[in-house]
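Student: Got a structure for you, questions after.
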Ligand SMILES: Nc1nc2c(c(=O)[nH]1)N[C@H]1C(S)=C(S)[C@@H](COP(=O)(O)O)O[C@H]1N2
Ligand SMILES: [Mo]
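Residue numbers (this note's numbering): 1085 to 1535.
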């Protein structure tokens, strides 16, 4: 790839960023800050080095020179921290702003709530485990794995109860998949509701999951293939989370998972055992999984009969609409961020489809009039995040950034008005419309809807 970068634009990211709003105001402010810093610390550090009186080279064109180069910091001159100071490594103290966050006022009880993934601050396709979104109906638990049991029963020859030890001795697989809550982007059905991509799209994450294929457990228990049509997953928390999964899917790619991103699941994400149901809305990924029942009818449990249904304009509900259709979003630049200069920006985002692989992502910077095809970064995996990037030179004028995903079934991500034409505005779930970010002339990026 060869791009001529005349001038690369700086950006204030939201809500975490390296530049403060004050730093961003003008280069003058930044320069003054450097000068103050060098006046106070230069003498000290030069003295410490035994370099008092040493001539400081005048950096060409920078005037005083950059004190961040000229004043040797403690980390270049002293002894660093010992190994295993943090036996379990943590992010840098400077990355504290990158956190999953609860949307203020979204729910009345935070045990039955959502904490959103900061998509604006993650790279590539894997969501760090500590930033994986959380959705609990009745709070989370850190369950003792030695006491956890999984019962497999119903239309099977040999009903069984497995300990975690039993499960972890069975053949395992590891696969990278996204998980998206069916209610992701739900607030935007009627109108623009939230300012940042964290809140508009952060109920989706992507991880490598490890566990036993559900088909192995069903076979181990001697599933009655003549009668069996559905399986039910049940969680061990107080929410009685129970979900029906069709047998063909259960035998296809569903995993009874204990691992996430190379280690055991985090408690918030279902430790020690959860269902992984690739391509299907998050609610079916039952956490703290304690029971699997094999049956011949859908169970129509509370979370299937009255929740997670799509209210159509004619007043009827669509039920069992679990597949998360193709969707994409630009994560940089995105709502709440500010572009500080005209010039080059790398537009970057994520695309995913519950039906398969992402085939193509197109990007528009003029609200959908013209489209260019973005680069898909490898790996491009089935039912997983795909990272896309495309070059853009901002001319300082108003712009509207959009991305449009297409998956390998040929399905194209719809515009919000196309979705509304079929689904109305009374839905909550399965809002996968094209997202628009408006860049104003002052560089501020905001959430808008374009029809
Ligand atoms: N047992 C149980 N499983 C559950 C839930 C729950 O509250 N209890 N929430 C579901 C919902 S609605 C979603 S979107 C996903 C969220 O998974 P995460 O918290 O790991 O992101 O878990 C699902 N599995
Ligand atoms: Mo969910």
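All C-beta atoms, glycine included, are put in the ideal place defined by N, C-alpha and C.
Taking 7 Å as the limit between beta carbons, can you name the residues of its chain near residue 1286, skipping five residues before and five after?
Tutor: For the purposes of this step, residue 1286 is identified with residue 202 of the chain shown, where counting begins at 1. Cβ neighbours of residue 1286 beyond the five flanking positions: 1200, 1201, 1202, 1203, 1217.
Student: Report, in whole angstroms, the separation of the C-beta atoms of residue 1093 and residue 1428, which I expect to be a contact under 8 Å.
Tutor: Within the chain shown, the letter at position 9 stands for residue 1093. Within the chain shown, the letter at position 344 stands for residue 1428. With a Cβ gap of about 6 Å, residue 1093 and residue 1428 count as contacting.
Student: Measuring straight from C-alpha to C-alpha, what distance separates residue 1497 and residue 1250?
Tutor: Indexing the chain shown from 1 puts residue 1497 at position 413. Indexing the chain shown from 1 puts residue 1250 at position 166. C-alpha separation (whole angstroms): 43 Å.
Student: Residues bridged to residue 1199 by DSSP?
Tutor: The residue labelled residue 1199 in the question sits at position 115 within the chain shown. DSSP lists 1186, 1218 as partners of residue 1199.
Student: Report buried or exposed for residue 1141, applying the criterion of at least 16 other Cβ atoms within 10 angstroms of its Cβ.
Tutor: Working through the chain shown from its first residue, we reach residue 1141 at position 57. Residue confidence for residue 1141 is low, a pLDDT of 41 falling below 50, so the modelled location carries little weight; the figure read from the coordinates is stated next. So residue 1141 counts as exposed.
Student: Would you say residue 1226 touches ligand 1, meaning its beta carbon is less than 7 Å from a heavy atom?
Tutor: On the chain shown, residue 1226 is found 142 positions in, with the first residue counted as 1. No; taking the cut-off as 7 Å, the Cβ of residue 1226 has no heavy atom of ligand 1 nearer than that.
Student: Would you mind sorting residue 1144 into buried or exposed? The rule is 16 or more other CB atoms within 10 Å of its CB.
Tutor: The count along the chain shown starts at 1 and reaches residue 1144 at position 60. At residue 1144, the pLDDT of 46 sits below 50, so the modelled position is not reliable and the matter cannot be decided from this model.
Student: Thinking C-beta only, is residue 1239 closer than 8 Å to residue 1379?
Tutor: As a working note, residue 1379 is residue 295 in the chain shown. As a working note, residue 1239 is residue 155 in the chain shown. Contact: yes.
Student: Taking only three categories from DSSP, how would you classify residue 1175?
Tutor: Residue 1175 sits at position 91 when you count from the first residue of the chain shown. Coil, per DSSP.
Student: Does DSSP put residue 1506 in a helix, a strand or coil?
Tutor: Here residue 1506 refers to the residue found at position 422 when the chain shown is read from its first residue. DSSP places residue 1506 in helix when its eight states are reduced to three.
Student: Under a three-way DSSP split, which group does residue 1484 fall into?
Tutor: In the chain shown, residue 1484 corresponds to position 400, counting from 1. If DSSP states are grouped into helix, strand and coil, residue 1484 belongs with the strands.
Student: Is it the case that the Cβ atoms of residue 1469 and residue 1263 are separated by a distance below 8 Å?
Tutor: Reading the chain shown from its first residue, position 385 is the one you call residue 1469. Reading the chain shown from its first residue, position 179 is the one you call residue 1263. No, they are not a contact pair.
Student: Taking residue 1174 as the reference, which of 1336, 1215, 1190, 1153 has the closest Cα?
Tutor: Within the chain shown, residue 1174 is the residue found at index 90, counting from 1. The shortest C-alpha separation from residue 1174 is found at 1215.
Student: Closer than 7 Å to a non-hydrogen atom of ligand 1 - does that hold for the CB of residue 1216?
Tutor: Numbered from 1 along the chain shown, position 132 holds the residue referred to as residue 1216. Yes, Cβ of residue 1216 sits closer than 7 Å to a heavy atom of ligand 1.
Student: Alpha carbon to alpha carbon, how far is residue 1189 from residue 1520? Give it in angstroms, no decimals.
Tutor: The sequence position of residue 1520 within the chain shown is 436, counting from 1. The sequence position of residue 1189 within the chain shown is 105, counting from 1. For residue 1520 and residue 1189, the distance between alpha carbons rounds to 24 Å.
Student: Do you know whose CA, among 1396, 1412, 1403, 1534, lies nearest residue 1510's CA?
Tutor: Within the chain shown, the letter at position 426 stands for residue 1510. Measuring from the Cα of residue 1510, the nearest candidate turns out to be 1396.
Student: Answer yes if the stretch 1276-1291 comes into contact with the stretch 1481-1491, meaning at least three C-beta pairs across the two stretches below 8 Å, and no otherwise.
Tutor: No: fewer than three Cβ pairs fall under 8 Å.
Student: Starting from residue 1261, trace the beta strand (DSSP E) in both directions and tell me its first and last residue.
Tutor: Stepping through the chain shown from its first residue, residue 1261 is reached at position 177. Segment 1257-1264, the beta strand (DSSP E) holding residue 1261.
Student: Please classify residue 1228 as buried or exposed, where buried requires at least 16 neighbouring CB atoms within 10 angstroms.
Tutor: Translated into the one-based positions of the chain shown, residue 1228 becomes position 144. When all chains shown are included, residue 1228 counts as exposed.
Student: Give me the DSSP bridge partner(s) of residue 1318.
Tutor: Position 234 of the chain shown, counted from the start, is the residue given in the question as residue 1318. Paired residue(s): 1326, 1375.
Student: Quick check on the burial criterion: 16 or more other C-beta atoms within 10 angstroms. Buried or exposed for residue 1398?
Tutor: Sequence index remark: in the chain shown, residue 1398 carries index 314 (1-based). Answer is exposed; the Cβ neighbour count stays below 16.
Student: Let me check understanding here. Comparing Cα to Cα, which of 1419, 1517, 1532, 1529 lies closest to residue 1268?
Tutor: The residue you call residue 1268 lines up with position 184 of the chain shown. Among 1419, 1517, 1532, 1529, the Cα nearest to that of residue 1268 belongs to 1517.
Student: Buried or exposed: residue 1337, going by 16 or more other Cβ atoms within 10 Å of its Cβ?
Tutor: As a first step, residue 1337 must be located in the chain shown, where it is residue number 253. Classification for residue 1337: buried.
Student: Going straight from the alpha carbon of residue 1292 to that of residue 1225, what length do you get?
Tutor: Within the chain shown, numbered from 1, the residue matching residue 1292 stands at position 208. Within the chain shown, numbered from 1, the residue matching residue 1225 stands at position 141. So the two alpha carbons sit approximately 22 Å from each other.
Student: For residue 1193, count neighbouring C-beta atoms within 10 Å of its own C-beta (all shown protein chains included) and say buried if the count is 16 or more, exposed if not.
Tutor: Position 109 of the chain shown holds residue 1193. Flag for residue 1193 reads exposed.
Student: Should the stretch 1404-1414 be regarded as contacting the stretch 1434-1448, the criterion being three or more beta carbon pairs within less than 8 Å?
Tutor: Taking 8 Å as the limit for Cβ pairs, the verdict is that the stretch 1434-1448 does touch the stretch 1404-1414.
Student: Sorted by chain position, which residues of the same chain lie with C-beta nearer than 7 Å to residue 1444's C-beta, five sequence neighbours on each side aside?
Tutor: As a position in the chain shown, residue 1444 is number 360, starting the count at 1. Counting only Cβ-Cβ distances below 7 Å, and skipping sequence neighbours, we find 1457, 1490.
Student: By alpha-carbon positions, which one of 1365, 1270, 1325 ends up nearest to residue 1385?
Tutor: Start at 1 with the first residue of the chain shown, and residue 1385 comes out as number 301. With distances taken between Cα atoms, residue 1385 lies closest to 1325.
Student: Tell me the DSSP secondary structure of residue 1439 in three-state form.
Tutor: As a position in the chain shown, residue 1439 is number 355, starting the count at 1. In this structure, residue 1439 counts as coil in the three-state DSSP scheme.
Student: Look up residue 1401 in the DSSP assignment and say whether it is helix, strand or coil.
Tutor: Start at 1 with the first residue of the chain shown, and residue 1401 comes out as number 317. The answer is strand: DSSP assigns residue 1401 an E or B state.
Student: On the DSSP bridge list, what partners appear for residue 1341?
Tutor: As a working mapping, residue 1341 is identified with position 257 in the chain shown. Its beta-bridge partners are 1295, 1358.
Student: Taking Cβ positions, are residue 1420 and residue 1370 nearer each other than 8 Å?
Tutor: Residue mapping note: residue 1420 aligns to position 336 of the chain shown, counting from 1. Residue mapping note: residue 1370 aligns to position 286 of the chain shown, counting from 1. Not a contact, by the Cβ cut-off of 8 Å.
Student: For residue 1233, which of 1355, 1474, 1182, 1455 has the nearest alpha-carbon?
Tutor: The count along the chain shown starts at 1 and reaches residue 1233 at position 149. Checking every option, the nearest Cα to that of residue 1233 belongs to 1355.
Student: Answer yes or no: the CB of residue 1496 versus the heavy atoms of ligand 2, is any distance below 7 Å?
Tutor: Within the chain shown, the letter at position 412 stands for residue 1496. Not under cutoff, so the answer is no.
Student: Nearest to residue 1366 by CA position, among 1205, 1514, 1154, is which residue?
Tutor: Within the chain shown, the letter at position 282 stands for residue 1366. It is 1514.
Student: Determine, using beta carbons only, whether residue 1213 and residue 1350 come nearer to each other than 8 Å.
Tutor: Here residue 1213 refers to the residue found at position 129 of the chain shown. Here residue 1350 refers to the residue found at position 266 of the chain shown. Result yes, Cβ atoms of residue 1213 and residue 1350 sit closer than 8 Å.
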